[in-house]
Each structure stands twice: as structure tokens, then as C-alpha cells.
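Visitor:
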Amino acid sequence: MSKKSGKKKNPWIWRILFVIALGVFIYSGYQLYDIFSQNHEEGKEKAELINIAEIPEKPKPEEEPFTINWKALKEANPEIVGWIIIPDTDINYPIVHGSDNSFYLTHTFLKAENYAGAIFMDYQANGEFKDNNTFIFGHNVKHGTMFAELENFKDAGFYTSHPYVYLFTPDGNYRCEVISMYSTKDGSPSYTTYSGDEQSYLAYIDMIKGLAENKRDVEMNASDRMITLSTCSYEVNGEASDARYLLHAKMVPWNGEYKVKENKK
Numbered sequence: 011m012s013k014k015s016g017k018k019k020n021p022w023i024w025r026i027l028f029v030i031a032l033g034v035f036i037y038s039g040y041q042l043y044d045i046f047s048q049n050h051e052e053g054k055e056k057a058e059l060i061n062i063a064e065i066p067e068k069p070k071p072e073e074e075p076f077t078i079n080w081k082a083l084k085e086a087n088p089e090i091v092g093w094i095i096i097p098d099t100d101i102n103y104p105i106v107h108g109s110d111n112s113f114y115l116t117h118t119f120l121k122a123e124n125y126a127g128a129i130f131m132d133y134q135a136n137g138e139f140k141d142n143n144t145f146i147f148g149h150n151v152k153h154g155t156m157f158a159e160l161e162n163f164k165d166a167g168f169y170t171s172h173p174y175v176y177l178f179t180p181d182g183n184y185r186c187e188v189i190s191m192y193s194t195k196d197g198s199p200s201y202t203t204y205s206g207d208e209q210s211y212l213a214y215i216d217m218i219k220g221l222a223e224n225k226r227d228v229e230m231n232a233s234d235r236m237i238t239l240s241t242c243s244y245e246v247n248g249e250a251s252d253a254r255y256l257l258h259a260k261m262v263p264w265n266g267e268y269k270v271k272e273n274k275k
């Protein structure tokens, strides 16, 4: 009669492996819960700010007019300096201006910690949009919020049918004409501001027009100002990298009424 050979399995190893696997499962579950929770809080805060500002959630420029309640917004956060709307997208947000470019990467418009961050102006910029080129940053959040829908402008049809970005400030409103949209790298020459050097600024305008993935003929001279919207690109393996989407738009003072469709019951 032959004896069975082989070592007896140590039950402690399996118990340890089970505990490790359980820990990984619990940690992953917590991480997912945290993400969903922050997404919920982000949407809740946006709705609160839209209500404070007295702006409809889905504004359209051709129907019922509205005005922004700047006093109430400033009471909510004194660092709110503007509001940006791009028709037919969910880009309908305040713009904040902090003391650095780090805080609002991980904090909301009301300064709550959140991975989605906020839409914020470059901290070095004039807080009243007086620079030749004012940079405005926002995350490309994968569930579609913040500046995620800037990517829509890569589509030629969308680019053609959406020539304007609407910028509202306490001192006046602008219907900004889209000049150019393209992909570039963080820190490229596109991330340049100009003050007083007209020839360099005109050369910059020519450069960004030349980089445009879709063309639009917008006349600009040295006295014109622009906003530049910047967000991350996931074009490389679907992951965030040093690639960026940039959208440039000429600031055109606008006295028209931005209107919205009245909700029908």
C-alpha cells in the first residue's frame, strides 16, 4: 500500500491571503464610494450656485433673458470673478480667481475639497479680464463635467455651429468669438501671456490660428483681448498626460440679453 506524498497546505497562508483580498475589496469599494460621493456633491453645489446666481440650468441665447446676481455670488465666495456658458454643453459655471493655480484643482467653487476642482482663472492674471490673454483652467472630468465638453470643438460640425463662448463679469458681458481649438502640450508656447509687446502678441495670434484643427476667420488686432480655455486631454491611451486641449476666443463686449427657454409645465 503506497503512502501519499506531499506537504500539507498551511491554512494560515490561505487565511492571510483571504484577509489581504478582503482588504483590497473593502478599500476599492471605499474608493468607488468616495468618487460617487464627490460627484454627487459637485452636482449639488453647481445647482446651488446656479440658484444663487439666478441662472437657468440649461440656458439658450435666443429666449427668456436673465441677469446674474453678482452680489449673492460674491457673498458665497468673494473669489468668483465671472461666469462662463457654452451653448449646448454643460459648461455653465462660475469662474474663480485664487492666489495660486493649485487650490482650485482640488477644491470646488465654495472651497469644499473635491477631485473635480473648479473652473479658475490663472492666478497671475488680472482679475477683471484686462490682460491680452486670460487663461482659464478646468479639469476634463471623465463623467463629463467641468471642461470635459471642450473636446466637442474637435468635431468640425460642432465647431462651425458653435462660434461663441459667453463670458459674464460684474463689469460687463462678452460674446467671445472662437478663434482656434487644438491639442498641445502643457508648457508649450501657447501658454504665453503678453503685456505691451504688440508684435509678439500679433505673432502669437498668427501661431494659434495656424494650430487650429478647424478653421474660422476671426479678425484680431493688437488691441483685442482673448480668453484661453485649457483642460487635460485623454488622447494618449485614454489617460491624462501632459497633452492639453486649448480653446481661444476673442473677447467682444456684448450688450445683448442672453436668454433661456422658459420651463413649460
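Residue numbers (my numbering): 11 to 275. We put the CB at the ideal spot given by N, CA and C, even for glycine.
Just confirm the distance between the C-beta atoms of Y204 and L256, as a whole number of angstroms; I'd bet it's less than 8 Å.
Guide: That belief does not hold up - the Cβ atoms of Y204 and L256 are roughly 16 Å apart, past 8 Å.
Visitor: Measure from the alpha carbon of N142 to the alpha carbon of each residue in I23, G266, K260 and P21, then state which is nearest.
Guide: Residue K260 is the option with its Cα nearest to N142.
Visitor: Given this structure, state the Cα-to-Cα distance separating L59 from K219, to the nearest angstrom.
Guide: The straight-line gap from Cα to Cα measures roughly 35 Å.
Visitor: For I65, which of F178, K225 and T118 has the nearest alpha-carbon?
Guide: Looking at the Cα atoms, F178 is the closest of the given residues.
Visitor: By a C-beta neighbour count over all protein chains shown, 10 Å radius and 16 as the cutoff for buried, is M131 buried or exposed?
Guide: Under this definition M131 is a buried residue.
Visitor: Taking all protein chains shown into account, do 16 or more other C-beta atoms lie within 10 angstroms of the C-beta of M236, making it buried, or fewer, making it exposed?
Guide: Flag for M236 reads buried.
Visitor: Given a cut-off of 9 Å, decide if P173 and E159 are closer than it, judged by their beta-carbon atoms.
Guide: Not closer than 9 Å, so no.
Visitor: Around the C-beta of S190, are 16 or more other C-beta atoms found within 10 angstroms, so that it is buried, or is it exposed?
Guide: Buried: at least 16 other Cβ atoms inside 10 Å.
Visitor: Please state the DSSP three-state secondary structure of A253.
Guide: Strand at A253.
Visitor: Enumerate in chain order the residues of its own chain whose CB-to-CB distance from V175 is below 6 Å, with the five nearest sequence positions on each side excluded.
Guide: I96, C186 and A259.
Visitor: With a threshold of 6 Å on Cβ separation, who are the neighbours of G277 within its own chain once the five nearest residues in sequence on each side are excluded?
Guide: The question about residue 277 has no answer here: the residues shown for the chain are numbered 11 through 275.
Visitor: Assign L42 to one of three DSSP states: helix, strand, or coil.
Guide: The pLDDT assigned to L42 is 49, lower than 50, so where the model puts this residue is not dependable; a value taken from the coordinates is nonetheless given after this. Helix.
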